[in-house]
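What follows is a single structure, written as structure tokens, with notes after it.
In UniProt numbering, the protein residues as written are 1 to 386.
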């Protein structure tokens with residue numbers, strides 16, 4: 001049981017001093033002492049300590065570290081997992097940026113993690129809400145949760161107060177539609193037609209077709225080898241198993257749900273057959289590798305294929321910024337799946353989403369819009385013939 005007692009003493013100069021000392025035994029049986037200037041401060045701390053001891057979550061301050069130091073320890077531990085090939089290096093880089101740019105500059109980084117409370121986490125979440133984008137704020141706060149979880153395991157804090165806190169974001173699903181940046185259908189058609197005439201080998205058409213109709217992430221497409229493409233009827237599909245990171249290293253896709261087989265339509269199959277005649281016949285050869293068979297960098301694809309192709313399609317002029325990025329073709333492809341009757345479960349599987357909720361959060365408004373269109377068409381027929 002914690003106890004507060006008054007302590008008096010005299011300095012070397014004879015000046016009398018008074019303080020209030022809190023004494024208690026922690027869960028490991030060690031005596032802990034803390035001194036305060038007022039009795040009220042000591043009693044407040046006694047109540048806090050006794051409550052935490054009763055719940056089995058108390059960690060003495062002297063055994064804890066700051067949130068910033070805990071973040072660095074978390075990163076060091078995660079790097080060990082990367083070195084053991086159990087986590088992706090690009091994920092580590094993301095966490096490092098979150099800590100360096102969006103956690104360390106805030107006051108929460110200087111707080112003792114043993115004293116981290118719900119209000120502290122709320123204050124940090126509110127700071128992120130007004131200073132960072134919705135997406136970035138959510139990702140940074142998620143990183144904080146993982147840091148505190150790691151700290152619980154290290155015994156620096158008894159429980160994770162960040163678990164009950166969330167970052168508030170814009171609720172309007174219109175924001176999802178705007179963030180997709182879906183190119184107009186006529187522009188997509190022009191772009192695809194231009195890709196067919198861009199080079200004699202058919203590389204550009206195959207590249208654009210797979211990005212659009214199979215909705216692969218560009219990192220996944222850069223890592224596809226011949227063995228992962230099946231063009232034999234009746235099963236024509238592309239198997240997604242790997243991805244290439246920003247350093248052009250090939251690694252496993254991030255989650256189990258990202259492992260998937262995506263159907264290939266006749267047009268894309270034809271484009272791939274033409275292009276693969278120019279590819280090395282080795283089953284491990286990258287389908288969209290560079291001139292020496294290694295992973296093609298994103299920069300090369302952007303500067304040597306994407307931008308010139310957009311210029312050749314007369315979508316932009318030389319020197320202009322592209323009208324849309326490569327990832328927009330993934331969104332456009334998924335929207336085409338939905339428009340042509342794909343169910344949320346099918347889209348979740350083919351897109352490699354972690355859950356149907358993720359699919360619905362990003363594309364749910366498209367199902368609503370296309371359903372409205374179908375209802376309008378049905379109503380028009382009924383109005384004419386009723």
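Cβ atoms here follow ideal geometry from the backbone N, Cα and C, with glycine treated the same way.
Checklist entry - Span of the beta strand (DSSP E) holding residue 251? => result Annotation for residue 251: the continuous beta strand (DSSP E) segment containing it runs 250 to 252.
Checklist entry - Of all the options 368, 75, 197, 14, which has the alpha carbon lying nearest to the alpha carbon of residue 343? => result For residue 343, the closest alpha carbon among the candidates 368, 75, 197, 14 is that of 368.
Item to check | Run of the beta strand (DSSP E) containing residue 182, from where it starts to where it stops | outcome: If you look at residue 182, you'll find it isn't in any beta strand (DSSP E); DSSP assigns it neither H nor E.
Item to check | Distance between residue 64 and residue 32 (C-alpha atoms, nearest Å) | outcome: In a straight line, the C-alpha of residue 32 is about 13 Å away from that of residue 64.
Next on the checklist: Once the 5 residues before and after residue 350 are set aside, which same chain residues still bring their CB inside 6 Å of it?
Outcome noted: Within the same chain, residue 350 has close Cβ partners 262.
Item to check | Distance between beta carbons of residue 279 and residue 292, contact taken as under 8 Å | outcome: Taking a contact as a CB-CB distance under 8 Å, the pair residue 292 and residue 279 does not count as one, their CB atoms being some 13 Å apart.
Item to check | Under 9 Å between C-beta atoms of residue 250 and residue 223 | outcome: A contact, by the Cβ cut-off of 9 Å.
Checklist entry - Mind checking residue 310: buried by the 16 CB within 10 Å criterion, or exposed? => result It is buried - the Cβ of residue 310 has at least 16 other Cβ atoms within 10 Å.
Checklist entry - Of all the options 327, 158, 346, 127, which has the alpha carbon lying nearest to the alpha carbon of residue 54? => result Sorting 327, 158, 346, 127 by C-alpha distance to the C-alpha of residue 54 places 158 at the top.
Next on the checklist: Quick check on residue 64: does DSSP put it in helix, strand or coil?
Outcome noted: Residue 64 falls in the coil class under three-state DSSP.
Item to check | Among 5, 205, 155, 247, nearest to residue 219 - alpha-carbon criterion | outcome: Proximity to residue 219 across 5, 205, 155, 247 peaks at 247, based on C-alpha coordinates.
Checklist entry - Is residue 315 helix, strand or coil when you go by DSSP? => result It is coil, neither helix nor strand.
Checklist entry - What does a CB cutoff of less than 6 Å around residue 19 pick up in its chain, not counting 5 residues either side in sequence? => result Here the set comprises 7, 35.
Next on the checklist: In this structure, how does DSSP classify residue 237 when only helix, strand and coil are distinguished?
Outcome noted: If DSSP states are grouped into helix, strand and coil, residue 237 belongs with the strands.
Checklist entry - In terms of alpha-carbon separation, which member of 30, 237, 195, 41 lies closest to residue 312? => result Put simply, of 30, 237, 195, 41 the residue whose alpha carbon is nearest the alpha carbon of residue 312 is 195.
Checklist entry - Using the beta-carbon count (16 or more within 10 Å), is residue 9 buried or exposed? => result Residue environment: residue 9 is assigned as exposed (fewer than 16 neighbouring CB atoms within 10 Å of its CB, all protein chains considered).
Checklist entry - Hey, residue 155 and residue 59 are a contact pair by Cβ (cut 8 Å); roughly how many whole angstroms apart? => result Cβ-Cβ separation between residue 155 and residue 59: approximately 6 Å, consistent with a contact (criterion under 8 Å).
Next on the checklist: Can you tell me where the beta strand (DSSP E) holding residue 475 begins and where it ends?
Outcome noted: Examination of residue 475 is not possible in this model, given that the chain is present from 1 through 386 alone.
Checklist entry - Got a sec, what are the start and stop residues for the beta strand (DSSP E) residue 219 sits in? => result Note, residue 219: premise wrong, no beta strand (DSSP E); alpha helix (DSSP H) at 218 to 221.
Item to check | As assigned by DSSP and simplified to three states, the class of residue 141 | outcome: In the structure shown, the three-state DSSP call for residue 141 is helix.
Next on the checklist: Given this structure, state the Cα-to-Cα distance separating residue 71 from residue 99, to the nearest angstrom.
Outcome noted: Cα-Cα distance, rounded: 7 Å.
Item to check | Contained alpha helix (DSSP H) runs [length at least 4] in the segment 253 to 285, N- to C-terminal order | outcome: Restricting attention to alpha helix (DSSP H) runs no shorter than 4 residues, the segment 253 to 285 encloses them at 266 to 276, ordered along the chain.
Checklist entry - The alpha helix (DSSP H) with residue 95 in it runs from where to where? => result That run of the alpha helix (DSSP H) goes 89 to 102.
Checklist entry - So residue 352 packs on residue 260, CB below 8 Å; how close in whole Å? => result Rounded, the Cβ-Cβ distance is 5 Å, consistent with contact.
Next on the checklist: Out of 184, 144, 212, which one is the CA nearest neighbour of residue 106?
Outcome noted: Comparing Cα positions, the closest option is 144.
Checklist entry - With burial defined as no fewer than 16 other Cβ atoms inside 10 Å of the residue's Cβ, what is the status of residue 3: buried or exposed? => result It is exposed - the Cβ of residue 3 has fewer than 16 other Cβ atoms within 10 Å.
Next on the checklist: According to DSSP, is residue 309 part of a helix, a strand, or is it coil?
Outcome noted: Assigned with DSSP and collapsed to three states, residue 309 falls in helix.
Item to check | Span of the alpha helix (DSSP H), counted from its first residue to its last, around residue 329 | outcome: Segment 326 to 339, the alpha helix (DSSP H) holding residue 329.
Item to check | According to DSSP, residues forming a beta bridge with residue 370 | outcome: Answer is none; residue 370 lacks a bridge partner.
Item to check | Secondary structure of residue 52, DSSP reduced to three states | outcome: Helix at residue 52.
Checklist entry - Who are the near neighbours of residue 254 in its chain, counting only those whose CB is closer than 8 Å to its CB and skipping five residues on each side? => result For residue 254, the CB contacts under 8 Å within the same chain, skipping 5 residues up- and downstream, are 88, 91, 243 in chain order.
Item to check | Cα-Cα separation, residue 257 to residue 66 | outcome: About 36 Å.
Item to check | Supposed close pair residue 240, residue 216 - CB separation, criterion 8 Å | outcome: Cβ atoms of residue 240 and residue 216 come within 8 Å of each other, at about 7 Å.
Item to check | Cα-Cα separation, residue 129 to residue 69 | outcome: Straight through space, the alpha carbons of residue 69 and residue 129 are spaced by roughly 24 Å.
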